[in-house]
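Note that the sequence shown covers residues -20 to -1, 1 to 529 in mature numbering (1 follows the signal peptide of the UniProt record, and there is no 0).
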Amino acid sequence: MRGPLESLLLQLAMISAVLGIDVTISIGTIRGYQLKGSSGKLVNVFKHIPYAAPPLGELRFKKPIPPKKWEGVRDGTDYGPACMSNSSFSRSPQKWVHEDCLHVNIFAGADCLKKACSVMFYIHGGDFNYDSAVMFRDEPLVNNFAANDIVLVIPGFRLGFFGLLTFDSDEVVPRNIAAYDLIAALYFVKNEIKHFGGNDITLFGHSEGATASAQFALSKTIDPDVKLFQKAVMMSMHYAFQNLSHAEDVTMEMAYRAKCSPSRAKSQSSAFVERVVKCLKNLDSMEILRIQREMEDESVRLKPELLVMTAPLFGAGNQQEFLADPPPRTIVVGSTLREMDFMYNFYEIGDIVKLLGLRNRKEIQEKVREDAVANKWPGDHSVSTQAIIMSTYVIAHKLREAGGRAYIYSYANPRHSFHTSDLAYIMGVHPFELDPNEAVLAVLYPKFFVDFMKTGQPRPDWIPLQADLDNYMHINVNLADGTMPEMRNHYEAEVINYWKEMTKYDEEIVRRKNTVRSLIGELRLSQLVLILLMVTSLYLLICCYPCSQ
């Protein structure tokens, strides 16, 4: 966003580190440091706070357990390690990775100790495979949130095979370990955040972090009474679960390559899985990571990613049942203008099919490909972008129907409008040089989310989603013609209408198949009647023939 020298001077002007800012929580005392934001407000920063015991040795591949208390004062002035990751997909490679990564990093306005501020629980993206809780610079977090009376919490959670190991049975290894990490972090924050000046909690995520926020918000078991967190922000969400069978295949492929399994076959006994897991626990963590990267480099389909839809956290595998009747919450959810239009992953059609509950995946995929060839493409968007748009639309309406409020937005700056472009304004990652219009957006954009976390409404004129309007906030600034963020109707209408028509197409296929089945059934019935008549006639002929002699 800024030149190196300008950025350095600003940071020097902003930061006046004062060591010795101590906070005592239930498990010990942490020493952090204090910063002064560009507005002059003081912010307390505490990093590397354990919310769970290090998942090492026998605790690898297990649910997180509470951390031990410590004596003396723990140093919280530097980030700890990132969770284990090594992916070619990341634009932010981590400098230091280690399994001992279940920590939270907290940025809190000093004034919050006097008045209790709203909490932003930020779940980073990366498909549960890469990126981390320690990749962020202090400056944007302080100026965008903490100096505006928001307590920002960024948890680390296990990634890749360390957080997503999946077997046919969960008797030995629980599925969705990464989700259990986040739940443990949430409970830790719920219980301890008062010591930092925090109060009500908003889940906040981008990309896969947004998907996790949605899955947590929709879950009927994680927080059904809306007491753990009250609101959620979902930026650029591609709502999807990993296929359970595929997750098992990827796990067994890794176990085979690690020489912990004699074959790639799944559906093994618990005793067999125990032997495999024991072997994997004895492997060096970097060896597991090496195999993970080797598999990813061979094929994206071999990359361990995404949570799986399975009990107890996320239902029993039926997407439509999981989406139905969620706990009522207030959310902000939206997308950028171009999102993933640089990618054409047709396999993601399946994610939309599942999201909409369509029953004829093969025929839908063929129809979408035909439409792409015939230039009948909605809004010139890739399938990946359509998946994000439909995720935004469906989840917003599901929570609205449940009695919650949904605020939809479209980030429409034409200069930087791809996936993660707007994250530069929020978390300061992937920065770019600002033009005058973007300089205004850099002030307005984070304020929408700050006001939402504080009041439950992003700004006074932002109207919650109405079923008949599909209304949304169109977010763009053009100083030359006076364009500013404004309410509009019919969010991404071309894409929405395209998939509504596809739903009708799916229903028509179902009707045709039912008609064919009915005809086949009638034909079989008539054949059966004919056979019965023939058998009866033959029986009568045989029985009655002697009598006629």
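By construction, the Cβ of each residue, glycine as well, lies at the ideal position given by its N, Cα and C atoms.
query	result
Can you pull the DSSP bridge partners for Q222?	V288
List the residues that DSSP assigns as beta-bridge partners of G330.	Beta-bridge pairing links G330 to no other residue.
G8 and N24: beta carbons closer than 9 Å?	no
Suppose the cutoff is 7 Å on Cβ atoms and the five residues either side in sequence are ignored; what does the same chain contact list for S72 look like?	D111, M115, V409
Can you tell me whether DSSP reads V457 as helix, strand or coil?	coil
What number of angstroms, rounded off, separates the C-alpha of L260 from the C-alpha of I271?	12 Å
In this structure, how does DSSP classify P154 when only helix, strand and coil are distinguished?	coil
Please state if the CB of Y387 and the CB of T310 are separated by a distance shorter than 9 Å.	yes
For Y425 versus I406, is the C-beta spacing smaller than 9 Å?	yes
Mark Q507 as exposed unless 16 or more other C-beta atoms lie within 10 angstroms of its C-beta, in which case mark it buried.	exposed
Can you give me the C-alpha to C-alpha distance between M215 and E276, rounded to a whole angstrom?	26 Å
Anyone know if the C-beta pair for N340 and V490 falls short of 9 Å?	yes
Enumerate in chain order the residues of its own chain whose CB-to-CB distance from S65 is below 8 Å, with the five nearest sequence positions on each side excluded.	Q74, V77, G106, N109, Y110, D111, S112, L139, G140, L269
Just list the residues that DSSP pairs P30 with in beta bridges.	H83
How long is the line joining the alpha carbons of V253 and D229, rounded to whole angstroms?	14 Å
Does the beta-carbon of N128 have 16 or more other beta-carbons within 10 angstroms, so that it is buried, or is it exposed?	buried
Is P154 closer than 9 Å to K43 when the C-beta atoms are compared?	yes
Taking the continuous alpha helix (DSSP H) assigned at K258, which residues delimit it?	250 to 262
Note the first and the last residue of the continuous alpha helix (DSSP H) segment covering Q299.	299 to 303
Would you decide whether L(-9) is buried or exposed? Buried here means 16 or more other CB atoms lie within 10 Å of its CB.	Note on L(-9): pLDDT 45, under 50, position unreliable in the model; the coordinate value appears next. With fewer than 16 other Cβ atoms within 10 Å, it is exposed.
Just to confirm, is the Cβ distance from P465 to I476 under 9 Å?	no
Verify whether the separation of the beta carbon atoms of Q195 and F168 is less than 9 Å.	no
Pairing CB atoms from the region 276 to 285 with CB atoms from the region 172 to 184, are three or more of them under 8 Å?	no
In three-state DSSP terms, what is L139?	coil
Count the other C-beta atoms from every protein chain shown that fall within 10 angstroms of the C-beta of R40, then say buried if there are 16 or more, exposed otherwise.	buried
Exposed or buried, H470, counting other C-beta atoms within 10 Å across all chains shown (16 or more means buried)?	exposed
With distances taken from CA atoms, which of D402, C63, F176, Y160 is nearest residue 547?	For the chain, the structure presents residues -20 to 529; residue 547 sits outside this window and is missing.
With a 10 Å radius around its C-beta and 16 neighbouring C-beta atoms as the bar for buried, classify D58 as buried or exposed.	exposed
Which same chain residues end up closer than 6 Å to S397 when comparing Cβ atoms and leaving out the 5 residues on each side of it in sequence?	T316, L317, R318
For I344, which residues in the same chain have their Cβ closer than 7 Å to its Cβ, ignoring the five residues on either side in sequence?	I329, V333, L338, M482, D486
With 16 as the cutoff for other CB atoms within 10 Å, does W50 come out buried or exposed?	exposed
Mind checking G412: buried by the 16 CB within 10 Å criterion, or exposed?	The question names Gly, but residue 412 is Phe in the sequence shown. When all chains shown are included, F412 counts as exposed.
Would the region 117 to 134 count as touching the region 234 to 242 if we require 3 or more Cβ pairs under 8 Å?	no
Applying the 10 Å Cβ sphere with the 16-neighbour rule, what's the burial state of I511?	exposed
State the Cα-Cα distance for the pair R(-19) and L414, rounded to the nearest angstrom.	Because the pLDDT at R(-19) is just 45, under 50, the model does not fix this residue reliably, and the value given afterwards should be weighed accordingly. R(-19) and L414: Cα-Cα distance of roughly 7 Å.
In this structure, how does DSSP classify Y102 when only helix, strand and coil are distinguished?	strand
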